[in-house]
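**Student:** Here it is: the structure, laid out below.
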Amino acid sequence: MNILESMFDTVISEPHGSLALIFLIGVVFGGIIQYTRVDKFEKIAGFAMLKDTIVPKMLFLTVGITSIGLYFMVEAGWANWHIKPVMLMGLIVGGILFGASMAIFGKCPGTGPVSVAEGRIDVLVGAIGGLFGGLVFTLYFDDFFKPLMGSNMGKITLPELFAGHEQLVVLIFGITVTLISILIPKREFFDEADLSQLPDEARPDRK
15 MNILESMFDT VISEPHGSLA LIFLIGVVFG GIIQYTRVDK FEKIAGFAML KDTIVPKMLF
75 LTVGITSIGL YFMVEAGWAN WHIKPVMLMG LIVGGILFGA SMAIFGKCPG TGPVSVAEGR
135 IDVLVGAIGG LFGGLVFTLY FDDFFKPLMG SNMGKITLPE LFAGHEQLVV LIFGITVTLI
195 SILIPKREFF DEADLSQLPD EARPDRK
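By the working numbering, the letter at position 66 of the sequence shown is numbered 80, and the numbering carries on one by one without gaps.
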């Protein structure tokens, strides 16, 4: 119980900023998610099968722009971040589990809540399962999960590897990732329900 109490105390005591700003960002984020349709199962599953590139294009574009914006906001004192330490085995195992779960479930932590808001019961069940998994991870972290994650390699960031050129490194990284997003060819994977809503001339299976 002490672990659970500590978890809730940590969340409650964290500075959350302006609720109005958080709400506005959430509305914009949800609108972008729905507009790009990345909350649809076929988008995530198509990405996993390399049949749809909308998700990677959006991810690369988001990372590229945000990496530049967030870094300089932190430098100006307008924002802050909490960098997690590098634990190699934990990242490898966690990445495999996360990727497999995304491919099977067809959702990620960002698109899942949008689908729940749309009334998707299957996603709600998955979200409840995710919360239960987080609870198990919290309760058994010290005894079971922590030893599996490997040694702590410290809080490593890319700019720190190029001391004296941090801002230039961030700019190069952000611009490069943004260009990758633009250069990735656009491919879309449609399921039968989606295809039925497209005009015949736009259906890839009729061309």
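Each residue gets a CB set at the ideal place from its N, CA and C atoms; glycine is no exception. Given the structure is predicted, the values throughout are model-derived calculations rather than measurements.
Does the contact criterion of 3 or more C-beta pairs under 8 Å hold for the stretch 34-53 versus the stretch 191-198?
**Tutor:** no
**Student:** Can you tell me the Cα-Cα spacing of lysine 57 and leucine 162, whole angstroms?
**Tutor:** Position 43 of the sequence shown, counted from the first residue, corresponds to residue 57. Position 148 of the sequence shown, counted from the first residue, corresponds to residue 162. So the two alpha carbons sit approximately 32 Å from each other.
**Student:** Between Leu84, Asp66 and Phe74, which lies nearest to glutamine 181 when the distance is taken from Cα to Cα?
**Tutor:** Locating residue 181 in the sequence shown gives position 167, counting from the first residue. Checked all of Leu84, Asp66 and Phe74; the closest Cα to glutamine 181 is Leu84.
**Student:** Within 10 angstroms of its Cβ, does serine 129 collect 16 or more other Cβ (buried), or is it exposed?
**Tutor:** Here residue 129 refers to the residue found at position 115 when the sequence shown is read from its first residue. Serine 129 is buried by the Cβ-count criterion.
**Student:** What residue does the alpha helix (DSSP H) around glycine 104 start on, and which one ends it?
**Tutor:** Residue 104 sits at position 90 when you count from the first residue of the sequence shown. Note, glycine 104: alpha helix (DSSP H), 102-119.
**Student:** When the distance is taken between beta carbons, is asparagine 166 closer than 7 Å to methionine 101?
**Tutor:** For the purposes of this step, residue 101 is taken as the residue at position 87 of the sequence shown. For the purposes of this step, residue 166 is taken as the residue at position 152 of the sequence shown. Asparagine 166 is positioned such that its CB atom lies closer than 7 Å to that of methionine 101.
**Student:** Pull up the distance between the alpha-carbon of arginine 201 and that of glycine 60, whole angstroms please.
**Tutor:** As a first step, residue 201 is located in the sequence shown; it is residue number 187 there, counting from the start. As a first step, residue 60 is located in the sequence shown; it is residue number 46 there, counting from the start. Those two C-alpha atoms are separated by around 9 Å.
**Student:** Three-state secondary structure (DSSP) at leucine 64?
**Tutor:** Looking up residue 64 in the sequence shown gives position 50. Note: leucine 64 maps to coil in three-state DSSP.
**Student:** Among the residues of its own chain, which have a CB less than 6 Å from the CB of phenylalanine 203, if the five just before and after it don't count?
**Tutor:** Here the question's residue 203 lines up with position 189 in the sequence shown. Closer than 6 Å at the Cβ level, and outside the excluded window around phenylalanine 203, lie Glu56, Gly60, Lys65 and Asp66.
**Student:** Taking only the alpha-carbon atoms, compute the straight-line gap between threonine 190 and glycine 78 and give it to the nearest angstrom.
**Tutor:** Locating residue 190 in the sequence shown gives position 176, where the first residue counts as 1. Locating residue 78 in the sequence shown gives position 64, where the first residue counts as 1. Looking at the two C-alpha atoms, the distance is approximately 7 Å.
**Student:** Have a look at Val69, Ile82 and Leu105 and flag the residue whose alpha-carbon is nearest the alpha-carbon of glycine 164.
**Tutor:** The count along the sequence shown starts at 1 and reaches residue 164 at position 150. Measuring from the Cα of glycine 164, the nearest candidate turns out to be Leu105.
**Student:** Where does glycine 143 land, buried or exposed, given buried means 16+ other C-beta within 10 angstroms?
**Tutor:** Here residue 143 refers to the residue found at position 129 when the sequence shown is read from its first residue. So glycine 143 ends up on the exposed side.
**Student:** Would you grab the beta carbon distance between glycine 188 and isoleucine 82 for me? Rounded to a whole angstrom, and I think it's under 8 Å.
**Tutor:** Position 174 of the sequence shown, counting from 1, holds the residue named residue 188. Position 68 of the sequence shown, counting from 1, holds the residue named residue 82. That pair is a contact at about 4 Å.
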